[in-house]
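Report on the structure given below.
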Amino acid sequence: MSRIIAFHSYKGGTGKTLLSINLAAIYAKQRKSVCLFDLDFRAPSLHAAFASDGAECWLNEYLDGTCDIKRVLIDLSHQHGNGGKFYAGLANPATEAIRDMSAKDRKWEMRALGRLLSLRNSLLNDMHLDYLIFDTSPGLQYSSINAIVSADVVLVVTSLDTSDIKGTRRMTHELYDLFEKKTGILLNKVPAEMLTSESQKKGLYRKLNNMHMLPILELIPCFCDILRAGGTQIFVEEQPDHPFTRTLEKIAKKIEDF
Amino acid sequence: MTYKRSEKTPTQILEKIKECLDRLNEKMDVFIEVQRHSPRGNLDESIPDVLDVMTLLSLPDHLRKTAVTLCKLGQATADEVAEQTKRARAVESGYLNQLMLMGYVKKERRGRKAYFYVEKEEKE
Numbered sequence: 055m056s057r058i059i060a061f062h063s064y065k066g067g068t069g070k071t072l073l074s075i076n077l078a079a080i081y082a083k084q085r086k087s088v089c090l091f092d093l094d095f096r097a098p099s100l101h102a103a104f105a106s107d108g109a110e111c112w113l114n115e116y117l118d119g120t121c122d123i124k125r126v127l128i129d130l131s132h133q134h135g136n137g138g139k140f141y142a143g144l145a146n147p148a149t150e151a152i153r154d155m156s157a158k159d160r161k162w163e164m165r166a167l168g169r170l171l172s173l174r175n176s177l178l179n180d181m182h183l184d185y186l187i188f189d190t191s192p193g194l195q196y197s198s199i200n201a202i203v204s205a206d207v208v209l210v211v212t213s214l215d216t217s218d219i220k221g222t223r224r225m226t227h228e229l230y231d232l233f234e235k236k237t238g239i240l241l242n243k244v245p246a247e248m249l250t251s252e253s254q255k256k257g258l259y260r261k262l263n264n265m266h267m268l269p270i271l272e273l274i275p276c277f278c279d280i281l282r283a284g285g286t287q288i289f290v291e292e293q294p295d296h297p298f299t300r301t302l303e304k305i306a307k308k309i310e311d312f
Numbered sequence: 002m003t004y005k006r007s008e009k010t011p012t013q014i015l016e017k018i019k020e021c022l023d024r025l026n027e028k029m030d031v032f033i034e035v036q037r038h039s040p041r042g043n044l045d046e047s048i049p050d051v052l053d054v055m056t057l058l059s060l061p062d063h064l065r066k067t068a069v070t071l072c073k074l075g076q077a078t079a080d081e082v083a084e085q086t087k088r089a090r091a092v093e094s095g096y097l098n099q100l101m102l103m104g105y106v107k108k109e110r111r112g113r114k115a116y117f118y119v120e121k122e123e124k125e
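Line order of the protein sequences matches chains A and B.
Heads up, the first sequence is in my numbering, so the first residue is 55 and it goes up one at a time.
Heads up, the second sequence is in my numbering, so the first residue is 2 and it goes up one at a time.
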């Protein structure tokens, strides 16, 4: 079953981009066709992982209505696909473009929502892709809420930070619930000493479940080697036997059954 | 004066009252929204009624569901919306007309069918 997945968080720096890139790569490894979109127009980041010279247009232009979605897609299948297709749609990182996107009016945002919603037809139904993955900006930004409304599944990436937990709980009641979205929590950057035994893990799951009243899809340990890599590689491709890769595989399976 | 004995149980009567109150509540929601967005109620008359995500968040739950469904379909009849929301056609027809009164959606008759839409699709 084809699906649109949105990665979202209350605070920035929780690991949405890293997780969305690597989840897309996991699906590609499983011979699925996937397209990853950078919807963080205030701080675009996917251009750093994928060369932007393969695309005729930025995603900004598609949302502006000046460019067809096919001209936005960069075909990365030969580098990252495994029989399926792997595409990326990038946000323009130029300062002028970021300023321009911040100044859009409500009518523009309404049209942008319509264009995001129509990706289901053009990419999932017509191009037969299996997954669209949206990497969004944190908090209550127009582009993030548009992405959430368009998605089938929302993955909220949180940390153990108190303000992040409180903000996530507020967003659950005031955003995800209102749009009746299937929402799951990914607790990222969990200190390794909190996950040493099964009983510790179960305790943490229980605590988070009570706090968020949402399914906790996975606890992702903090891996120093990922931090050291600095986003220069797609980790699950470079390190197929790494525990992080195994965790991402579990997440991919859980989303399929979600 | 004689009273005809009702065949309904007290529970059924209470359910009927609750149903009527729910309907009244929905009508009040719409009335309040219409007032809020009417030219006299709106302090800045230059701002048009736009069905963006912030408006969607401010709508009552029952209207939000209809509005989001219409956004997804682009344009649709009450039947088509009802098919997606799994609610009765008459209910969706009522909600779509309420959204139209509030200025968020438009209606166009084609033959015997009424089509609702947020904005006409542009030819690109």
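Here a beta-carbon is modelled for each residue, glycine too, at the ideal position from N, C-alpha and C.
Item	Value
Whole-angstrom Cβ separation of A:L100 and A:L144, contact assumed at under 8 Å?	5 Å
Look at the alpha carbon of B:L71 and the alpha carbon of B:R65, and state the distance between them as a whole number of angstroms.	10 Å
Using a Cβ-Cβ distance cut-off of 8 Å, determine whether A:R160 contacts chain B.	yes
From the DSSP output, which residues share a beta bridge with A:P275?	A:V244
In chain B, which residues lie with their C-beta within 9 Å of the C-beta of A:G221?	Chain B residues near A:G221: none, gap ~16 Å exceeds 9 Å.
Does the distance from the CB of A:M55 to the CB of B:D53 come in under 8 Å?	no
Quick one: is B:R41 near chain A, going by C-beta distance under 8 Å?	Per-residue confidence for B:R41 stands at a pLDDT of 49, beneath the threshold of 50, marking its modelled position as unreliable; no derived number is given.
Would you kindly report the start and end of the unbroken alpha helix (DSSP H) that includes A:K256?	E252 to H266
Please go through the same chain and pick out, in chain order, the residues whose beta-carbon is closer than 8 Å to the beta-carbon of A:V244, but skip the five residues on each side of it.	L214, L258, L273, I274, P275 and C276
Please report whether the beta-carbon of B:E46 lies at a distance below 8 Å from any beta-carbon of chain A.	Reliability fails at B:E46, whose pLDDT of 45 lies under 50, so the model's placement of it is uncertain and no value is given.
Closest Cβ-Cβ distance between B:K73 and chain A: below 8 Å?	yes
Rounding to the nearest angstrom, what Cα-Cα distance links A:S288 and A:V210 in this structure?	With the sequence shown as reference, residue 288 of chain A is identified as Ile, and Ser is not the correct amino acid for it. The alpha-carbon atoms of A:I288 and A:V210 are separated by roughly 21 Å.
Does the stretch 143–160 of chain A come into contact with the stretch 80–93 of chain A, if we say contact requires no fewer than three beta-carbon pairs (one atom in each stretch) closer than 8 Å?	yes
State the beta-bridge partners of B:D53 as determined by DSSP.	In DSSP, B:D53 forms no bridge with anything.
Please state whether DSSP places B:L25 in a helix, a strand or coil.	helix
For B:R65, which residues in chain A fall below 7 Å Cβ to Cβ?	L232
B:L52 versus chain A: which residues are under 8 Å apart at the beta carbon?	M164
Quick check on the burial criterion: 16 or more other C-beta atoms within 10 angstroms. Buried or exposed for B:L25?	exposed
With a 10 Å radius around its C-beta and 16 neighbouring C-beta atoms as the bar for buried, classify A:L178 as buried or exposed.	buried
Are the CB atoms of A:V208 and A:T250 within a distance shorter than 8 Å?	no
Residues in the same chain with beta-carbon distance under 7 Å from B:D80, minus the five sequence neighbours each way, listed in chain order, please.	R90
Could you pull out every residue in the same chain whose Cβ sits closer than 6 Å to the Cβ of A:P269, ignoring the five residues on either side in sequence?	G238
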